[in-house]
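Notes follow once the structure below has been shown.
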Amino acid sequence: AALGASLLFGSVFVPIKRAPTGDGFFAQLMMCVGGVVTAILINGISNFRPIYPLAMLGGCIWCIGNAFAIKIMNVLGMALGVLIWNTTSCLTGWAVARFGLFGIRAMHPASNLLNAVGVLLLIVGGVLYLFIKSEIPVEEEEDVEKPKKLEDDEESEDDVPFGTRMVAILAALISGTFYGSMSTPITYIQQNSIFFSNAPVEGLPYVLSFFCGVILTSVVVFLVYTIRNRQPWVDGAVVVPALCSGAIFATAMALFLTAIEHLSQTIAYPLCAMLPGLIASAWSVLYFKEITGSRNIAFLLVAYSITLAGVILVALSKEISL
20 AALGASLLFG SVFVPIKRAP TGDGFFAQLM MCVGGVVTAI LINGISNFRP
70 IYPLAMLGGC IWCIGNAFAI KIMNVLGMAL GVLIWNTTSC LTGWAVARFG
120 LFGIRAMHPA SNLLNAVGVL LLIVGGVLYL FIKSEIPVEE EEDVEKPKKL
170 EDDEESEDDV PFGTRMVAIL AALISGTFYG SMSTPITYIQ QNSIFFSNAP
220 VEGLPYVLSF FCGVILTSVV VFLVYTIRNR QPWVDGAVVV PALCSGAIFA
270 TAMALFLTAI EHLSQTIAYP LCAMLPGLIA SAWSVLYFKE ITGSRNIAFL
320 LVAYSITLAG VILVALSKEI SL
């Protein structure tokens with residue numbers, strides 16, 4: 020389940036990578052529609068479980084963190100954006116479970132040393148990602164006039180001002196914090212079933228509740244964006260790719276909750292937060308050609324090797340006592 024979730028999480032944005040996403044708000048709305056439709060199907064597999072209001076909060080948290088994800092990728096590229104927010108997500112999820120934040124029971128590893136070294140390696144690898152530069156090519160289309168705003172969004176990273184890049188990195192860090200907290204409400208319900216009647220310990224029954232929070236928050240975000248902007252960026256060509264991205268994310272989320280159920284949050288979070296970065300990097304290097312040049316690829320390999328070592332140590336710290 021963890022490997023399947025990682026593969027899908029790393030591929031969520033692939034369908035919309037070359038779609039006309041504009042500033043991303045309409046694309047996110049369509050992603051959420053695709054996600055909630057898939058969640059309804061998953062809920063059917065789970066015998067149509069009821070909606071758990073607290074679990075909806077997790078969907079709200081994810082949606083807020085994801086609101087600027089496409090904008091971030093337009094500046095940093097898909098791989099770098101995913102790697103930065105996944106590193107932050109990994110650290111956030113680890114901290115919530117390790118120290119028992121937000122009412123979650125603390126999960127102490129068998130080896131504090133391995134756990135601490137693993138987290139340190141994650142931080143070092145995350146810092147190294149900042150030195151990687153992506154090239155975001157502009158795709159010209161004949162007979163179609165691109166909005167100026169979209170052209171600006173798709174500039175090569177070399178043309179992006181330093182301040183804009185720093186803002187995008189900061190936004191990715193903030194998004195990662197939200198991503199790392201998205202399953203905390205569900206974990207809280209599972210650990211405190213005495214307060215929630217008939218609350219299941221399995222992860223799948225909460226998927227629809229999560230996506231109810233996702234779609235409600237997405238609608239609110241889009242309404243606020245529309246009121247403030249007055250001319251929302253909407254393109255029908257992004258609908259199908261975004262729906263596919265949403266379906267991929269919903270399936271990944273179902274597998275992720277199943278992984279937490281069997282591996283615990285301290286193990287599942289590092290695995291499902293960092294392995295998708297490898298998948299996204301492979302898409303960026305081999306297919307989208309965003310990361311090129313020996314220097315950038317070398318930085319990517321070194322940074323990912325360090326973060327992967329960190330993930331392995333965090334996972335081993337649950338079983339090995341030193």
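The sequence shown begins at 20 in the numbering used here and counts up by one.
A virtual CB, placed ideally from N, CA and C, is assigned to each residue, including glycine.
DSSP three-state label for residue i, please.
i	result
Gly265	helix
Arg37	coil
Gly43	coil
Glu338	coil
Ser237	helix
Ala191	helix
Glu174	Because Glu174 carries a pLDDT of 45, less than 50, the predicted location of this residue cannot be relied on, and no value is offered for it.
Ile310	coil
Trp302	helix
Phe32	coil
Ala58	helix
Pro251	coil
Lys167	Because Lys167 carries a pLDDT of 45, less than 50, the predicted location of this residue cannot be relied on, and the following value inherits that uncertainty. Lys167 falls in the helix class under three-state DSSP.
Gly182	helix
Phe215	coil
Val220	coil
Ser228	helix
Gly296	helix
Gly53	helix
Gly199	coil
From which residue to which residue does the alpha helix (DSSP H) around residue i run?
i	result
Leu319	313-335
Pro362	Residue coverage of the chain in this structure runs from 20 to 341, which leaves residue 362 outside it and unanswerable.
Ala21	21-28
Using 8 Å for Cβ pairs, my map puts residue i next to residue j. What's the rounded Cβ distance?
i	j	result
Met201	Trp81	4 Å
Val94	Thr183	6 Å
Ile298	Gly29	2 Å
Thr111	Thr57	So it is not a contact: roughly 25 Å between Cβ atoms.
Gly232	Gly63	The pair is not a contact, with the Cβ atoms about 19 Å apart (cut-off 8 Å).
Tyr244	Phe44	5 Å
Glu338	Ala21	Rounded, the Cβ-Cβ distance is 15 Å, inconsistent with contact.
Leu276	Gly312	That pair is no contact at about 39 Å.
Leu294	Ser65	With 8 Å as the limit, Leu294 and Ser65 do not qualify as a contact, their Cβ atoms being about 25 Å apart.
Phe150	Phe268	Going by Cβ atoms, the distance from Phe150 to Phe268 rounds to 29 Å, so no, they are not a contact pair.
Pro34	Ser264	5 Å
Gly54	Ala266	7 Å
Ala114	Ile123	The Cβ separation is near 10 Å, so there is no contact.
The ligand GDP heavy atoms versus the CB of residue i: any closer than 7 Å?
i	result
Asp42	No copy of the ligand GDP occurs in the structure displayed, which carries no ligand at all.
- Task: Mind the definition here: the segment 321-339 touches the segment 133-147 only if three or more C-beta pairs lie below 8 Å; say whether that holds.
- Result: yes
- Message: Report the start-end ranges of each alpha helix (DSSP H) in the segment 68-155 that is 4 residues or longer and not cut off at the edges.
- Response: Here the runs fully enclosed are 72-85, 88-95, 97-118, 131-148.
- Message: When you compare the segment 34-50 with the segment 83-97, are there three or more beta-carbon pairs, one atom per stretch, that lie closer than 8 Å?
- Response: yes
- Assess, as a yes-or-no matter, whether the segment 248-258 is touched by the segment 307-319 under the definition of 3 or more beta carbon pairs within less than 8 Å. no
- Stretch-stretch touch, CB-based, cutoff 8 Å, three pairs: the segment 256-265 with the segment 99-117: no
- Query: Would you say the segment 138-151 touches the segment 318-328, given that touching needs at least three Cβ pairs under 8 Å?
  - Reply: yes
- Query: Taking three-plus beta-carbon pairs below 8 Å as touching, is the segment 200-215 in contact with the segment 56-75?
  - Reply: yes
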